[in-house]
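Some notes on the structure that comes next.
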Amino acid sequence: MLLGTLLTIFMLPSCVSTSEFNRVKGKLDECEDSQLLLKQKLQDMEAKANEAGSKADQLEAEMKKMQAERSSLKDERDNLAREVKRLQDTNADLEKQISAVKSGSSDEISRLLTNLESARADLDAREKKLAEKNQRLQHLEDLLARKDKAVKDLKQKMLDALTGYKKLGINVTEKNGQVYVSMAEKLLFQSGKYAVGQQGRQALKKIAQVLAANPDINVLVEGHTDDVPLRGAGAIKDNWDLSVMRATAVTKILLQDANINPKRITAAGRSKYVPVDPRNTPEARQKNRRTEIILTPDLTELYKLLSN
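Each residue of the sequence shown is one higher than the last, beginning at 1 in UniProt numbering.
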């Protein structure tokens, strides 16, 4: 359409020169190529965002499985303890019976001794199994305690690093065994933009320092928008694009710290679909326009224990 308009202008009397027309046409071609490239990049990032969301859901499911495993182990341990007590009582009764019939027939004594040996063997097997269950349960409890301590320590480190930023729109919380660093839109971005401002960059550098000092922490950066439709004409077409580009912009600033391995970080755009306040009010929409940095301790050892 633009090219046709240019041709029409070129054919009018007293129009621009051929060289000027060719220059404008070249600029138009460059813009169209850039737009196609940006569209492809956004499609790739949206695919990565969907994958990151799936990983987060999988992590939550694994945590629930871990809690169920602990509860099941406790139930098994309690059942075994009751069975061991029953066998101990049976063993004591057999001992009494043997003492009572020692003056009786040898056949009766032999039968009771056989029963006693069988009960002792069963008791030994049960006690061994109970000891194994107790050891496994203790190991799991220790790992969970270490994980909880790691989360609490990480939260405190973030709070210490971000002292003074709470009034500017940063909130650090602990949820589902993870640390959430939520950053308001006003701290990082202008409305509808994805370039991080100077104040936001300073806060992200503080966060990066903590991440660099804790290499076993996995990082998920999520961009969130409100539910007001965004209709852009450039690279940002809608809220999906905006949330992805914002998450990517934050990730790139964190990775300016050379001590952070890029493999630890995932950038994801969630658009308007994970609000913290579902009300249709200006205050609620302001809360929902945020970027969340979700920090998860390495749970590899826990997963291995559950798998085995």
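Cβ atoms here follow ideal geometry from the backbone N, Cα and C, with glycine treated the same way.
Note that the structure is predicted; figures quoted are calculated from it, not measured.
Runs of the alpha helix (DSSP H) spanning 4 or more residues and lying entirely within the segment 225–284 occur at 239–254, in chain order. In this chain, the alpha helix (DSSP H) harbouring V210 covers 198–213. The beta-bridge partner set that DSSP reports for L220 consists of T266, I294. One thing to note: M158 has its Cβ within 8 angstroms of the Cβ of V210. S17 and L242 have their C-alpha atoms some 40 angstroms from each other.
Counting along the chain, no beta strand (DSSP E) covers Q190, and no H or E run does either.
With 16 or more other Cβ atoms inside 10 Å of its own Cβ, T291 counts as buried.
Cα atoms of D142 and R82: separation of roughly 24 angstroms, rounded to the nearest angstrom.
A residue is called buried when at least 16 other Cβ atoms come within 10 angstroms of its Cβ; S271 meets this threshold and is buried. Taking N218 as reference, the option from K74, V151, R111, K64 with the minimal CA-CA separation is V151. Exclusion of the five residues before and after Q199 leaves L168, L187 as the residues of its chain whose Cβ lies within less than 8 angstroms of its Cβ. Contact between the segment 224–237 and the segment 268–283 is present: 3 or more CB-CB pairs across the two stretches fall below 8 angstroms.
Under the 8 angstroms Cβ criterion, the segment 69–85 counts as touching the segment 114–129, having at least three qualifying pairs.
Note that the segment 258–265 does not touch the segment 59–71; fewer than 3 beta-carbon pairs, one per stretch, sit closer than 8 angstroms. Taking 8 angstroms as the cut-off, the Cβ atoms of R136 and L73 count as close. Residue state for S17 is assigned as coil, using DSSP reduced to three classes.
Bounds of the alpha helix (DSSP H) holding T114 are 106–161. Within the model, the alpha-carbon separation for S99 versus S118 is close to 18 angstroms. Using a Cβ distance threshold of 8 angstroms, G192 and L230 count as a contacting pair. The criterion of a C-beta distance shorter than 8 angstroms is satisfied by G269 and E46. Nearest C-alpha to D93 among I294, N79, L116, E76: L116.
Collapsing the DSSP output to three states places A195 in coil.
One Cα belongs to A212, the other to I260, and the distance between them is close to 5 angstroms. Looking from the CA of A184, the closest CA among N176, V196, K175, G177 belongs to V196.
A residue is called buried when at least 16 other Cβ atoms come within 10 angstroms of its Cβ; V179 meets this threshold and is buried.
Here D216 really is in contact with P297; their C-beta atoms are around 6 angstroms apart, less than 8 angstroms.
Less than 8 angstroms separates the beta-carbon of L204 from that of I253. Between V172 and K155, the C-beta gap is smaller than 8 angstroms, which places the two residues in contact.
Shown here, N50 sits in a helix according to DSSP, grouped into three states.
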